[in-house]
Amino acid sequence: MKVKLRWYLNRLRAMSLQEIAARGQLALKKKCWRRRTSWVAPKPNGIQKDIWKLSPLLQEATEERQALLDEADRYLTGKYTLLNISFEESKIDWHLDPQMGKRAPLQFGLDLDYRNPSSVGNVKNIWEKNRHHHLTILALAYALTGNKHYAKAVEEQLLSWVEQNPFPLGVNWTSSLEFGVRLISWVWIERLLRGTSSHKHLFGEGGALWSMIYWHQWLITQHYSHGSSANNHLIGEMAGLFIATSVWPVFPESAQWQSLARKILEREVSQQTFPCGLNREQAFSYQIFALEFFLLAGLEAEWLKAPFSTNYQDWVRRMLEVIPLLVDVGGNLPQYGDGDDGMALQLRPLGSSRLDWLFRLGRQWLNAHVPLPSNNSGVLAATVIGSNAEDKVGEVKPVQGSIGFNDPGLFVLASRRGESDEVLCLADAGLLGYLSIAAHGHADALSFTLNVGGVPIIVDPGTYVYHADPQERAYFRSTKAHNTVVVDGVDQSEPAGTFLWTRQAQAKVLSWQGTPNGGVLVAEHEGYTRLPNQVIHRRRLALEGKRLEIIDELLSVAPGLNQGGVHDFQWRLHFSPLCQVSLKENFCQVSWQGGSLGIYLDNQLEWILAHGEQEAGWYSRGFNLKEATYTLSGSARTTTPMSLKNYLDLSDED
Numbered sequence: 001m002k003v004k005l006r007w008y009l010n011r012l013r014a015m016s017l018q019e020i021a022a023r024g025q026l027a028l029k030k031k032c033w034r035r036r037t038s039w040v041a042p043k044p045n046g047i048q049k050d051i052w053k054l055s056p057l058l059q060e061a062t063e064e065r066q067a068l069l070d071e072a073d074r075y076l077t078g079k080y081t082l083l084n085i086s087f088e089e090s091k092i093d094w095h096l097d098p099q100m101g102k103r104a105p106l107q108f109g110l111d112l113d114y115r116n117p118s119s120v121g122n123v124k125n126i127w128e129k130n131r132h133h134h135l136t137i138l139a140l141a142y143a144l145t146g147n148k149h150y151a152k153a154v155e156e157q158l159l160s161w162v163e164q165n166p167f168p169l170g171v172n173w174t175s176s177l178e179f180g181v182r183l184i185s186w187v188w189i190e191r192l193l194r195g196t197s198s199h200k201h202l203f204g205e206g207g208a209l210w211s212m213i214y215w216h217q218w219l220i221t222q223h224y225s226h227g228s229s230a231n232n233h234l235i236g237e238m239a240g241l242f243i244a245t246s247v248w249p250v251f252p253e254s255a256q257w258q259s260l261a262r263k264i265l266e267r268e269v270s271q272q273t274f275p276c277g278l279n280r281e282q283a284f285s286y287q288i289f290a291l292e293f294f295l296l297a298g299l300e301a302e303w304l305k306a307p308f309s310t311n312y313q314d315w316v317r318r319m320l321e322v323i324p325l326l327v328d329v330g331g332n333l334p335q336y337g338d339g340d341d342g343m344a345l346q347l348r349p350l351g352s353s354r355l356d357w358l359f360r361l362g363r364q365w366l367n368a369h370v371p372l373p374s375n376n377s378g379v380l381a382a383t384v385i386g387s388n389a390e391d392k393v394g395e396v397k398p399v400q401g402s403i404g405f406n407d408p409g410l411f412v413l414a415s416r417r418g419e420s421d422e423v424l425c426l427a428d429a430g431l432l433g434y435l436s437i438a439a440h441g442h443a444d445a446l447s448f449t450l451n452v453g454g455v456p457i458i459v460d461p462g463t464y465v466y467h468a469d470p471q472e473r474a475y476f477r478s479t480k481a482h483n484t485v486v487v488d489g490v491d492q493s494e495p496a497g498t499f500l501w502t503r504q505a506q507a508k509v510l511s512w513q514g515t516p517n518g519g520v521l522v523a524e525h526e527g528y529t530r531l532p533n534q535v536i537h538r539r540r541l542a543l544e545g546k547r548l549e550i551i552d553e554l555l556s557v558a559p560g561l562n563q564g565g566v567h568d569f570q571w572r573l574h575f576s577p578l579c580q581v582s583l584k585e586n587f588c589q590v591s592w593q594g595g596s597l598g599i600y601l602d603n604q605l606e607w608i609l610a611h612g613e614q615e616a617g618w619y620s621r622g623f624n625l626k627e628a629t630y631t632l633s634g635s636a637r638t639t640t641p642m643s644l645k646n647y648l649d650l651s652d653e654d
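For the sequence shown, UniProt numbering assigns the number 1 to the initial residue and increments by one for each residue that follows.
This is the structure in structure tokens:
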């Protein structure tokens, strides 16, 4: 009880008075809705203006076609893989978490404590099932083959969804983001099933889904994210609302709702994006998630012949064009901040590129200067969605050298960029996250990752889980789980909940210089000034060819002190599971298939290797996935000031 009360108090402190008042008004609305016994949606007027048509070029997308059909066939047999959890359900239970085996209660949805795993299980797993991405795959399989078994499976599952989810009861009536994503899935299911009896039963006159479509849109307008929660959730909610009202302008409020969604999307595309194009949540997975929503909404507006502003299009173009600047020669995406593998829409096989369909559509719609994907990757989804525009971008020059993004505080130190022996170091000297709660940020100031020859070597351990395991959630976003210095065993920023930080470490860049063969970054953060003697951590990262030097200074800034106090310092590096790591005295040897490096370690610290231990030696390559790996830790209990020098050398690479 005390923990919950403390969370509420901290959450209130993160809100403005305006937000508190708005949440109070919502509480009054919920009280009325809770007592309401009859919910009757208006009937659609039957007028549809959607001009989308299935492209005749779809049959040319052969390479991804078979993988998608194989996935659809697994769904026909009741075999699913959602958020990296494989399970079988011959008849889907839309309230069951297949991982923990718990079924969420069928109570008033907005009262349901979905954060409590003891009552609902892992709510992310339930919500992923209910995003209906697997149904868009089945619908697309029908469009590709004409096999009505796929269409019938979609119909049966959606009818069961309507039956099991009476409005407004259950876990699937709790989150407006989920309403937005589900609406987008339904739009594409409706399009792909046109001309079938299943389409008639679901979307024809008197179709089973219309009341649900209405309540999804209505509840978004009543309950969309705002204030300290207005992050990627707001983008997804408004994208779903805009797309649904654009394709189905069939309800009395449709024009009003579409206008609201357009207005908010126009505002949020710049509000939630740094001028360089990176997302303000400081979590790369949400860069792609938000981009998907903005791009899909923008294309719908094009088909309406009522496009979003050129300013909106420019921001989406920036979001696209910044991505290749962070990708290594092997095509590996950066990993920092939270990542839950979320998708706005799935029209591609699981395991295929998250970027390629976006790059294809971005080139066609916005003339975005991003690489043209090879081997027809991304063609299937891009062809289905279609932009009705020709790709005139041509060949895009490869990324050259190091680059600094001062607004988010991300810096790429690179040598031999784009070559087979590329060395790429990505360093973080930016804000913790977005808005007052920094929901998806990690306590990773001055952390870095290192990729060599297109292989991740020194890694950010990832996210793994949200609500379902508070202890694991705390570890994976902690300072201990990042490649930086921990002081007195505590995080740089103070966690106060699963998606809530109170005191947030402020990082400052002191100098940055990119060079043809690397670069030098000097930055510091004051997150530990809350400790006795007010410790500042300053770090200098210098890459020169195949040598990376790391100098850390731990300084006391307490006024009137000639000497700092005693502190416990821990210096950490986390390695990819692809690596074999050994430690002998003050030298660490790291090897992987095709390469190796040596780390020369400061003898002021006591060094150990951990592998799969309680708070070290873990890596998550995707949501719900965790595997043992190596963590290198150097520890000392000593006074400030303290200076540490460690360097990595690849010159003796195998």
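Backbone N, C-alpha and C fix where the C-beta goes; we use that ideal spot for every residue, glycine too.
Just so you know, these numbers come straight off a predicted model, no measurement behind them.
- With a 10 Å radius around the Cβ and a threshold of 16 neighbouring Cβ atoms, residue 9 comes out exposed.
- For residue 524, the enclosing beta strand (DSSP E) covers residues 518-525.
- The shortest CA-to-CA distance from residue 327 to any of 290, 370 and 470 is the one to 370.
- Residue 186 holds the alpha-carbon nearest to the alpha-carbon of residue 208 among 324, 379, 186 and 221.
- The beta carbons of residue 546 and residue 649 sit closer together than 9 angstroms.
- Per DSSP, residue 69 lies in no beta strand (DSSP E); the unbroken alpha helix (DSSP H) holding it starts and ends at 62-76.
- Residue 229 is classed as buried because its beta carbon has at least 16 other beta carbons within 10 Å across all chains shown.
- As the crow flies, the alpha-carbon of residue 235 is around 15 angstroms from that of residue 439.
- Note on the region 229-286: whole alpha helix (DSSP H) runs with a minimum of 4 residues are 232-247 and 254-271, in chain order.
- Beta-bridge partners of residue 456 (DSSP): 451.
- By the neighbour-count criterion, in which 16 or more other beta carbons inside 10 Å mark a residue as buried, residue 436 falls on the buried side.
- For residue 411, there is no enclosing alpha helix (DSSP H); the residue is found in the beta strand (DSSP E) stretching over 410-415.
- In the DSSP assignment, residue 425 forms a beta bridge with 413 and 450.
- Beta-bridge partners of residue 613 (DSSP): 616.
- Contact between the region 411-423 and the region 538-552 is present: three or more C-beta pairs spanning the two stretches fall below 8 angstroms.
- Within the DSSP bridge table, the entry for residue 302 names no partner.
- Contact between residue 434 and residue 281 holds, since their C-beta atoms are separated by about 5 angstroms, short of 8 angstroms.
- C-alpha of residue 588 to C-alpha of residue 599: approximately 5 angstroms in a straight line.
- Buried is the label assigned to residue 134, since at least 16 other Cβ atoms lie within 10 Å of its Cβ.
- With a threshold of 16 other beta carbon atoms within 10 Å, residue 38 falls short and is exposed.
- By alpha-carbon distance to residue 597, the top candidate from 519, 450, 520 and 247 is 450.
- The beta carbon of residue 149 sits closer than 7 angstroms to the beta carbons of 76 from its chain, once the five residues preceding and following it are set aside; these are given in chain order.
- Inter-residue distance for residue 520 and residue 532 is about 31 angstroms (C-alpha atoms, whole angstroms).
- In the DSSP assignment, residue 383 falls within the unbroken alpha helix (DSSP H) covering 379-385.
- Taking C-alpha positions only, residue 431 is separated from residue 409 by approximately 7 angstroms.
- A Cβ-Cβ contact shorter than 9 angstroms links residue 109 with residue 169.
- A straight-line Cα-Cα distance of about 55 angstroms links residue 529 and residue 63.
- For residue 420, there is no enclosing beta strand (DSSP E), as DSSP marks it with neither H nor E.
- For residue 441, the closest C-alpha among the options 555, 428 and 453 is that of 428.
- For residue 552, the beta-bridge partners assigned by DSSP are 539 and 644.
- A straight-line Cα-Cα distance of about 23 angstroms links residue 595 and residue 400.
- When DSSP states are grouped into helix, strand and coil, residue 292 belongs to the helix group.
- Secondary structure note for residue 639: its beta strand (DSSP E) is the uninterrupted segment 630-639.
- Between residue 176 and residue 189, the alpha-carbon positions lie close to 20 angstroms from each other.
- A Cβ-Cβ separation of about 4 angstroms places residue 357 in contact with residue 378 under the 8 angstroms criterion.
- With distances taken between CA atoms, residue 503 lies nearest to 13 out of 105, 516 and 13.
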